[in-house]
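Here the structure is laid out as C-alpha coordinates; the discussion comes afterwards.
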Amino acid sequence: MPMQKPRFVLKFIWMEKNIGLALDQMIPGRGTIPLSPYYFWPRKDALEELKVMLETKS
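Sequential numbering from 0 applies to the sequence shown in numbering that gives the first Met the number 0.
What follows is the structure in C-alpha coordinates.
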(Lines of atoms letter the chains of each structure in order from A and count residues from 1; the text may use other names and numbers.)
(Lines give C-alpha, C1' and ligand atoms only; values in the text may rest on other atoms or scores of the structure.)
Protein backbone atom coordinates (compact mmCIF):
# COMPACT_ATOMS: atom_id res chain seq x y z
CA MET A 1 0.00 0.00 0.00
CA PRO A 2 1.53 3.39 -0.98
CA MET A 3 2.24 5.94 1.73
CA GLN A 4 -0.19 8.82 1.79
CA LYS A 5 1.24 12.32 1.92
CA PRO A 6 0.82 14.27 5.15
CA ARG A 7 -1.79 17.00 4.95
CA PHE A 8 -1.97 20.37 6.62
CA VAL A 9 -5.05 21.41 8.56
CA LEU A 10 -5.87 25.07 9.22
CA LYS A 11 -7.90 25.18 12.42
CA PHE A 12 -10.20 28.01 13.51
CA ILE A 13 -11.76 28.98 16.83
CA TRP A 14 -14.67 31.39 16.38
CA MET A 15 -15.30 33.38 19.58
CA GLU A 16 -17.56 36.33 20.28
CA LYS A 17 -14.90 39.01 19.69
CA ASN A 18 -11.90 37.08 18.36
CA ILE A 19 -10.98 34.47 15.80
CA GLY A 20 -8.12 32.08 16.50
CA LEU A 21 -6.20 30.14 13.90
CA ALA A 22 -3.58 27.41 14.11
CA LEU A 23 -1.87 25.00 11.77
CA ASP A 24 -1.66 21.22 12.32
CA GLN A 25 -0.14 18.45 10.24
CA MET A 26 -2.30 15.36 9.75
CA ILE A 27 -0.33 12.11 9.52
CA PRO A 28 -2.47 9.37 7.92
CA GLY A 29 -3.12 6.61 10.44
CA ARG A 30 -1.42 8.56 13.25
CA GLY A 31 -3.52 11.66 13.94
CA THR A 32 -2.51 15.31 14.01
CA ILE A 33 0.57 17.17 15.22
CA PRO A 34 0.27 20.86 16.13
CA LEU A 35 2.70 22.96 14.09
CA SER A 36 1.77 26.29 15.64
CA PRO A 37 -0.02 27.70 18.67
CA TYR A 38 -3.33 29.50 18.15
CA TYR A 39 -2.94 33.09 16.99
CA PHE A 40 -5.88 35.38 17.71
CA TRP A 41 -7.21 38.20 15.58
CA PRO A 42 -7.94 41.15 16.01
CA ARG A 43 -5.66 41.25 19.06
CA LYS A 44 -2.71 40.70 16.71
CA ASP A 45 -2.26 40.09 13.00
CA ALA A 46 -2.75 36.32 13.21
CA LEU A 47 -1.93 35.61 9.56
CA GLU A 48 1.31 37.59 9.74
CA GLU A 49 2.34 35.84 12.99
CA LEU A 50 1.62 32.43 11.46
CA LYS A 51 3.61 33.35 8.33
CA VAL A 52 6.62 34.48 10.41
CA MET A 53 6.49 31.31 12.54
CA LEU A 54 6.42 29.09 9.43
CA GLU A 55 9.30 31.02 7.80
CA THR A 56 11.48 30.50 10.89
CA LYS A 57 10.89 26.72 10.72
CA SER A 58 11.94 26.37 7.08
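Backbone N, C-alpha and C define an ideal beta-carbon position, used for all residues, glycine too.
Asked                                                                                                                                                      : Found
Do Asp-23 and Ile-32 have their C-beta atoms closer together than 8 Å?                                                                                     : yes
In chain order, what residues of the same chain lie with their CB nearer than 8 Å to the CB of Phe-7, ignoring the 5 residues before and after it?         : Leu-22, Asp-23, Gln-24, Met-25 and Leu-34
Which residue marks the beginning of the alpha helix (DSSP H) containing Lys-56, and which one marks its end?                                              : 45–56
Going by other Cβ atoms of all chains shown within 10 Å of its Cβ, with 16 needed for buried, is Leu-9 buried or exposed?                                  : exposed
Going along the chain, which residues of its own chain have a beta-carbon closer than 7 Å to the beta-carbon of Pro-36, five neighbours each way excluded? : Ala-21
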